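Report on one structure; see the data block that follows.
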Amino acid sequence: MPPPEQHPGQSATQIQSVRADQLAIRSGDLNPTSDPAELNRRDEVFERMQGIVVLVIKLAFVGFAISAIIATVVINYH
């Protein structure tokens, strides 16, 4: 992608901000921000969601193991 042309009154920081926004939108972030507090909040939410997903996967494995043990007991001792 060619770099955006610098218009009169537009600083290099503004151009970098436009590039960062374009990159964020292309990568799927529909609400890009550079606010450190907002970025920290988003990281915390993402980490919390990851923890929930890991917990659900662990519970699924435990449930499968318990059902396998019960099935083994029922088949062998019934």
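Heads up, the sequence shown is in the numbering used here, so the first residue is 1116 and it goes up one at a time.
Here a beta-carbon is modelled for each residue, glycine too, at the ideal position from N, C-alpha and C.
Here the structure is a predicted model, which is why all the values come from computation and not from measurement.
How far does the alpha helix (DSSP H) with residue i in it extend, from its first residue to its last?
i	result
residue 1191	1151–1192
Alpha carbon to alpha carbon, what distance is there between residue j and residue i?
i	j	result
residue 1169	residue 1146	26 Å
residue 1176	residue 1182	10 Å
residue 1152	residue 1166	21 Å
residue 1190	residue 1184	10 Å
residue 1155	residue 1172	26 Å
residue 1117	residue 1179	With a pLDDT of 48 at residue 1117, under the threshold of 50, the modelled position of this residue cannot be trusted; read the value that follows with caution. Residue 1117 and residue 1179: Cα-Cα distance of roughly 54 Å.
residue 1161	residue 1193	47 Å
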